[in-house]
Structures are given as structure tokens and as C-alpha cells.
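Undergrad:
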């Protein structure tokens, strides 16, 4: 291996970084299974391989990037702990990774975050710092926490270590299903998409990478079309994990490695989610169903092709299902 | 391989029969994944490996036994087709297997069977013969269908070919998780239990086999205790797949190869089902959750042990969830 491995948070990761991440996090995260369904293949007139990151630790691919960031710290930095602001899966993932390494995690959360999300973070022994539910308050609070603790900030997606970790999804998928024509990935902040696209284009450049985004939070679609990063304001989608804006580090990677971004309507997301529950028997959250929704909404694009469909997560409130 | 393989429907299957079944059905059914959860391990103070037959074709282990029976027929018998009476997963499984072999399947179903269950059977191209919703009417109708068609009857559990097929669950589980102390299996008619117990005791006699049964349909528990097969009358359980009585061929196998049968309350079944949905992100039907319910209700029996937990199926109506 003579490709250089970078450990920077701010330089786009290479295949070597993703391979190093895979070695680093092995044993800390699950190698998730790939599920298939003859019925869904018939439905879509395509051959589908669902990569189930909803079966990942903490119920989402976020466990990969967070683990890679935490495990890659040197001992001195690690001893000061890690910090982030998050109301979602990344907070729990970072708390989980920090607990495994035995270092402190400081998670800034809005005071109005759901009790179950706080409980998830607390269950991994992290410190929760509450703040007002605005982005400014979250960022200011995080700066204060870092100045007090010296903790290393691990951003949920705009961080090369996190992107490299998420890219390990693609290493596994290409091993598990060597013959693919196209891979479909949901896009929110772009951590998963940038990592997967980097790995796919390095290993199998002929495989098309398609990103799927809710039409009601289509900043990546617009940014990609305009060639300039557009912010997401007032997102309107059930896919709560995809309401964020594309990251600064993520965007040029996506420009370079992604072939297309397609949008999907809300009703397609719910339909895809329910089909995955009933046919694949797997619990998928709305954000996680956006990739399959792209197949339902744009069938002509995928007809008679071998499609890797990344299911990104499965954290959903069973008492509030969208049907 | 010098162990004799039997192809009889009425002689208890041997390990050789189960191994032959595995070879026969390979490529026709899924090798289902094993899922693990650190959280559920902590919860139970045990090391759990969930064998996910809810991810099997047609959503249940029934695909194995039905496929083994259909694929094992000689061409002359196969050409006359197969028949059964079923209002559940076995009917769909037999229809699926027959369709794969290109032979007719005749499924006797009560006229009041849910439309979705009829649609599932029809979707595999089977003939549905409706009858009054009584066991007598079902059996009489099946006799008539067989006399008219010459089809081979494949009983849902009281059939050695079916038992051998279901036993392939254990071959896979013991390969996937070689170090187990105990295997927990739901019991209804006893096809899955007899097959799994036969394989486990032949391959690893030191592994304990525990059957789990709803307290409201405890004929296997009572039969096992009394040493004589007791019928199930008026079953009261949400676990609709386990309301049936233990089969005639199944009972002596269970007496010989099963170590214990435990019963579980309804609230444990619902709790287990919901925990598997939320923690394992996998859609489990009530019958499929009975094995994990045994761990929740009898924790002392499993403490600090390595436990294989068979999830038997995942066919559930998402519009009528028990919470």
C-alpha cells in the first residue's frame, strides 16, 4: 500500500483513507447485510441489492464515521474527549464511539430535542449540554464547550474523517455484490454520499453513482445543477435526516464523483418506506427510504440494471408512523 | 456421505435428510442473516444471535420445508402438482415453490381468509379452492382436490420432507455462529422445532434446545410434560402461527431432541416484538417474537449464555400493530 493516507479533517479523503477507516473501525461497527427481494425486483424490473445501514449500530451509518474519527485520534487528543452538536443519529454515534474508547463525549442538543433522543445519547454515557433550538445557539454553545474542555470537534458530515468512515459502506457493498451497474444513496449533508462516491469511483469507475434527495429539501440537487453550493432554507420533508445543507468539504467531492442527483416526492418516500417494511421486513426511517423512492419515481433510469440501494438508517418512532 | 437419506413423508428425518434438503433448496431460498445487538445483549445479560427467518422468502421459514418437498418430487409426481390447506404462510410458501418448479399448486383456503393472504397465494400463480372455515371442511375439500388432480399433499408441519427443510435453519445457524450454548425456537405445529432440534442434537448434542410457546396455546408444553400428545382447543394468543396442535410425526422427535419447553405471556410477546423492531430494526410477527419473549420472561435460564434465537417470520399487517 503506497497510497498516502491523510488524517486531516479538512482534506477530501482518498480511497486509502477509506480503506484505513475500514481497518480502524472493524470490530467496532457491524458489517451490515445486503438484502434482496425477488418481488421488489419484479416491481422495479431491476436487480436490487439493499445495503442495510439501518441494521448498523445506533441504527444508522453514522456509527462508521463517528467511530473512524474517534479511533483515529492520538492518545493526547483523545484524552480531552470529543464534541459535536446534533439532535440526531450523529450525536448518539459519537457518544457510542467515545464510550467504546473510554473517552468523554460532549453533545450539544437543543433543549426541545425529543426525550428519546436525549436518552439514547445519555445511554452511551455522554455529557449533554442543552441550548436554545437555533443553529447560532448550537454553534456558540459548542465553541464554549470546546474552549472549556479542549475536546475535538467531530462534525456530522463536513469532516474528512467522517466522510472516510461513511465510505466504508461502499467497500463492503462492492465486496458483497461485485456486479453492480449503479449505486443509489440518499443525500442530506453529503457525508455518506461523498464517502460512497469516492470509494465507488476509485474502485469501479464504471459504476454510476446516483444521489436521491427529497424534493422538499433539494439543496444538493440545486447546488449540483448550478455548480455552486446553495443553502437549504425551510426544508419541508418527512425525511428529517436530510433537511440539512450540503457541507463545504462535501460539495466538491460530490461534484467530482457523483453522476446525477434526482429528487423524490414525499408520497414516494412513504410508499418506499412501507414497501421496505412489508417486503424486506426491515425497519427503515423516512430518510433511509429516499434511495428506494428514487427507483419508484424514476423507474426508467434503473430498468434492467443491477442497483445497489443504500438504506441509511432505521430510527423511527413506532408510535408515529406515516400511514 | 454414507448416512442414508430418506425421502418419505412419514419417517422422522435424519441429519442426512436435512443436509440433502439444504443442498436441494440452495438457490431457491435465502441463506438468512444473523443479527446481533449489544444493547439487547446487555438487556438480557447474554450473548444473542438472532437467526432471521423473517427475512426468508415469503417472509417465513415455511419457504424451506415447502421448497424441499416440491423439489424432492420425481417428475411424474411433480407433474400432477401439490396441494395443501392453509390460511397462512405455508400456503404461500408451497405456491412459491411450485411456481419455481413450474408445476400447479392447489391451496384450500377458508372463504373468510383475509384478502391479503389470498392475494399472496394468487400472486404465485396457485389455484385457490375456497371452503367453509372449519377444519373438517378444509380436510374434506383437500381430499376432493387430490382425488380430482392427483396432486401430492404437503402438510404444513406433519411431514418429514417439511421438517427436514425447516431443519436447514439450524445447519446455517451453527455455521454462522459456531459457539452456542442454547437455541430457542417457537413451537406451533412443531415443524420448525423438530427440524432444528434434530439437526442441533446430531451436530452439537451439548447445545440445549429450548422451545417457546404462548401460554394461551400451550399444547406442546402440556404434551411434553405428560408424555402424550394433547390437542390444542380454543387457543388464545396473538401469535396466530402457533395456534395449531402439535403434529403426530413431530411429537416423538420433540420428545427425543428438545430439552425444555417454556411458555410466555401475551404481554411478553408484544414487548419482544417491539424490542426487535426498535433495536434490531427488523419486522417480526407475533409468532416470530415468541422465542425472544422467552428470554425476557425467563432471564435466569439464559444468563451469561450464548443463545441462538430463531425469529420465525415477519408477516404482519402494518395497519394493525399491537401497540
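Protein chains in written order, with the UniProt record's numbering: chain A, 1 to 323; chain B, 1 to 323.
For each residue, glycine too, the CB sits at the ideal point set by N, CA and C.
1. According to DSSP, simplified to helix, strand and coil, what is residue 306 of chain A?
2. Specify whether the segment 268-285 of chain A and the segment 166-175 of chain A touch according to this definition: at least 3 beta carbon pairs, one from each stretch, less than 8 Å apart.
3. Starting from the C-beta of residue 159 of chain B, find all residues in its chain whose C-beta is less than 6 Å away, skip the five residues before and the five after it, and write them out in chain order.
4. Going by Cα to Cα distance, which pick from B/131, B/217, B/307, B/56 is closest to residue 36 of chain B?
5. Quick one: Cα of residue 314 of chain B to Cα of residue 225 of chain A, how far?
6. Spell out the partners DSSP gives residue 131 of chain A in its beta bridges.
7. Give me the Cα-Cα distance between residue 182 of chain B and residue 294 of chain B, rounded to the nearest whole angstrom.
8. So residue 124 of chain B and residue 247 of chain B are supposed to be a Cβ contact under 8 Å. How far apart are they, rounded?
9. Use the C-beta contact count for residue 45 of chain B: other C-beta atoms within 10 angstroms, 16 or more gives buried, fewer gives exposed.
10. Under the assumption that residue 193 of chain A contacts residue 211 of chain A (Cβ atoms under 8 Å), give the Cβ distance between them as a whole number of angstroms.
11. Residue 25 of chain A to residue 89 of chain A, Cα distance in whole Å?
12. Just the C-alpha distance for residue 94 of chain B and residue 56 of chain B, rounded to the nearest angstrom, thanks.
13. What does the alpha-carbon distance come out to for the pair residue 38 of chain A and residue 312 of chain A?
14. Rounded to a whole number of angstroms, what is the C-alpha to C-alpha distance between residue 132 of chain B and residue 230 of chain B?
15. Give the residues of chain A in contact with residue 59 of chain B, contact being defined as C-beta atoms less than 8 Å apart.
16. Take residue 316 of chain A as the anchor and find which of A/109, A/67, A/69, A/116 has the nearest alpha-carbon.
17. Output needed in chain order: residues of the segment 67-85 of chain A with a Cβ under 8 Å from some Cβ in chain B.
18. Within 10 angstroms of the Cβ of residue 233 of chain A, are there 16 or more other Cβ atoms? Answer buried if so, exposed if not.
19. Once you ignore the five residues that flank residue 305 of chain A on each side, which residues in its own chain have a CB closer than 6 Å to its CB?
20. Mapping the DSSP letters down to three states, classify residue 2 of chain B as helix, strand or coil.
21. Quick one: residues in its chain with C-beta nearer than 8 Å to the C-beta of residue 203 of chain A, no 5 flanking neighbours on either side, listed in chain order?
22. For the segment 24-78 of chain B, which segments carrying the alpha helix (DSSP H) assignment without a break, of at least 4 residues, lie completely within its bounds, in sequence order?
23. Under 7 Å Cβ-Cβ, which residues of chain A neighbour residue 35 of chain B?
24. Nearest CA to the CA of residue 214 of chain A: which residue from A/292, A/179, A/150, A/151?
25. Return no unless some Cβ of chain B is closer than 8 Å to the Cβ of residue 43 of chain A.
26. Could you name the residues of chain D that residue 318 of chain A contacts, counting a contact when the two beta carbons are closer than 8 Å?
27. Measuring alpha carbon to alpha carbon, tell me which residue in B/97, B/219, B/126, B/102 is nearest residue 109 of chain B.
28. Quick one: using the 10 Å Cβ neighbour count with 16 as the cut-off for buried, is residue 134 of chain B buried or exposed?
29. Within the same chain, show all residues whose beta-carbon is closer than 8 Å to that of residue 4 of chain A, passing over the 5 residues directly before and after it, in chain order.
30. Can you check whether the C-beta of residue 314 of chain B is within less than 8 Å of a C-beta belonging to chain A?
31. Alpha carbon to alpha carbon, how far is residue 253 of chain A from residue 259 of chain A? Give it in angstroms, no decimals.
32. Which value, in whole angstroms, describes the spacing of the CA atoms of residue 209 of chain A and residue 199 of chain A?
33. Give the C-beta separation of residue 244 of chain A and residue 189 of chain A to the nearest angstrom, bearing in mind that I take them to be a contact with Cβ-Cβ under 8 Å.
34. What span of residues does the alpha helix (DSSP H) with residue 154 of chain A cover, start to end?
35. So who's on the other strand from residue 213 of chain B, going by DSSP bridges?
TA: Once the coordinates are examined:
1. If you number the first chain from 1, residue 306 of chain A lands on position 306. In the three-state reduction of the DSSP assignment, residue 306 of chain A falls in the strand class.
2. Flag = no, the segment 268-285 of chain A and the segment 166-175 of chain A do not touch.
3. Position 159 of the second chain, counted from the start, is the residue given in the question as residue 159 of chain B. Answer for residue 159 of chain B: 9, listed in chain order.
4. Working through the second chain from its first residue, we reach residue 36 of chain B at position 36. Comparing Cα-Cα distances from residue 36 of chain B to each of B/131, B/217, B/307, B/56, the minimum goes to B/307.
5. In the second chain, counting from the first residue as 1, residue 314 of chain B sits at position 314. In the first chain, counting from the first residue as 1, residue 225 of chain A sits at position 225. Distance between residue 314 of chain B and residue 225 of chain A, taken at the CA atoms: about 42 Å.
6. Within the first chain, the letter at position 131 stands for residue 131 of chain A. According to DSSP, residue pairing for residue 131 of chain A in a beta bridge involves A/110.
7. Working through the second chain from its first residue, we reach residue 182 of chain B at position 182. Working through the second chain from its first residue, we reach residue 294 of chain B at position 294. One C-alpha to the other measures close to 12 Å.
8. As a first step, residue 124 of chain B must be located in the second chain, where it is residue number 124. As a first step, residue 247 of chain B must be located in the second chain, where it is residue number 247. Not confirmed; about 24 Å, so no contact.
9. If you number the second chain from 1, residue 45 of chain B lands on position 45. With fewer than 16 Cβ atoms within 10 Å of its Cβ, residue 45 of chain B is classed as exposed.
10. Here the question's residue 193 of chain A lines up with position 193 in the first chain. Here the question's residue 211 of chain A lines up with position 211 in the first chain. With 8 Å as the limit, residue 193 of chain A and residue 211 of chain A qualify as a contact, their Cβ atoms being about 5 Å apart.
11. The residue labelled residue 25 of chain A in the question sits at position 25 within the first chain. The residue labelled residue 89 of chain A in the question sits at position 89 within the first chain. The C-alpha of residue 25 of chain A lies about 18 Å from the C-alpha of residue 89 of chain A.
12. To locate residue 94 of chain B, count along the second chain from 1; it is residue 94. To locate residue 56 of chain B, count along the second chain from 1; it is residue 56. About 14 Å.
13. Taking the first chain and counting its residues from 1, the one referred to as residue 38 of chain A is at position 38. Taking the first chain and counting its residues from 1, the one referred to as residue 312 of chain A is at position 312. Whole-angstrom Cα-Cα distance: 21 Å.
14. Residue 132 of chain B sits at position 132 when you count from the first residue of the second chain. Residue 230 of chain B sits at position 230 when you count from the first residue of the second chain. The alpha-carbon atoms of residue 132 of chain B and residue 230 of chain B are separated by roughly 25 Å.
15. Working through the second chain from its first residue, we reach residue 59 of chain B at position 59. The contacting residues are 281.
16. Residue mapping note: residue 316 of chain A aligns to position 316 of the first chain, counting from 1. Checked all of A/109, A/67, A/69, A/116; the closest Cα to residue 316 of chain A is A/116.
17. Listed by position along the chain: nothing, the set is empty.
18. Here residue 233 of chain A corresponds to residue number 233 of the first chain, with the count starting at 1. Taking every protein chain shown into account, the CB of residue 233 of chain A has fewer than 16 other CB atoms within 10 angstroms, so this residue is exposed.
19. Position 305 of the first chain holds residue 305 of chain A. Same-chain partners within the cutoff: 46, 181, 182.
20. Here residue 2 of chain B is taken as the residue at index 2 of the second chain, counted from 1. Confidence is the limiting factor: at residue 2 of chain B the pLDDT is only 35, short of 50, which leaves the residue's position unreliable and the question unanswerable from this model.
21. Sequence index remark: in the first chain, residue 203 of chain A carries index 203 (1-based). Its chain contains 15, 170, 171, 174 as the residues whose beta carbon lies nearer than 8 Å to that of residue 203 of chain A, once the 5 sequence neighbours on both sides are disregarded; these appear in chain order.
22. Annotation note: the segment 24-78 of chain B contains the following uninterrupted alpha helix (DSSP H) runs of length 4 or greater, listed N- to C-terminal: 38-44, 62-72.
23. Here residue 35 of chain B corresponds to residue number 35 of the second chain, with the count starting at 1. Ordered by position in chain A, the residues that pass the 7 Å Cβ test against residue 35 of chain B are 55.
24. Here the question's residue 214 of chain A lines up with position 214 in the first chain. Taking each of A/292, A/179, A/150, A/151 in turn and checking the Cα distance to residue 214 of chain A, the smallest one comes out for A/292.
25. Reading the first chain from its first residue, position 43 is the one you call residue 43 of chain A. Using a CB distance cut-off of 8 Å, residue 43 of chain A does not count as an interface residue toward chain B.
26. Although the question refers to chain D, the structure presented lacks it and instead comprises the protein chains A and B.
27. The residue given as residue 109 of chain B occupies position 109 in the second chain. For the options B/97, B/219, B/126, B/102, the alpha carbon positioned closest to that of residue 109 of chain B is the one of B/126.
28. Translated into the one-based positions of the second chain, residue 134 of chain B becomes position 134. That one is exposed.
29. Along the first chain, one-based indexing puts residue 4 of chain A at 4. Unreliable positioning characterises residue 4 of chain A in this predicted model, as indicated by a pLDDT of 47, which lies under 50. A coordinate reading is not provided.
30. Along the second chain, read from residue 1 onward, the residue named residue 314 of chain B stands at position 314. Yes, because at least one Cβ of chain A sits closer than 8 Å to the Cβ of residue 314 of chain B.
31. Residue numbering aside, residue 259 of chain A sits at position 259 when the first chain is read from its first letter. Residue numbering aside, residue 253 of chain A sits at position 253 when the first chain is read from its first letter. Their backbone Cα atoms lie some 11 Å apart in a straight line.
32. Residue 209 of chain A sits at position 209 when you count from the first residue of the first chain. Residue 199 of chain A sits at position 199 when you count from the first residue of the first chain. Residue 209 of chain A and residue 199 of chain A: Cα-Cα distance of roughly 10 Å.
33. The sequence position of residue 244 of chain A within the first chain is 244, counting from 1. The sequence position of residue 189 of chain A within the first chain is 189, counting from 1. Here residue 244 of chain A really is in contact with residue 189 of chain A; their C-beta atoms are around 5 Å apart, less than 8 Å.
34. Mapped onto the first chain, residue 154 of chain A falls at position 154. Annotation for residue 154 of chain A: no alpha helix (DSSP H) segment contains it, and DSSP assigns it neither H nor E.
35. In the second chain, the residue the question calls residue 213 of chain B occupies position 213. Beta-bridge pairing links residue 213 of chain B to B/263.
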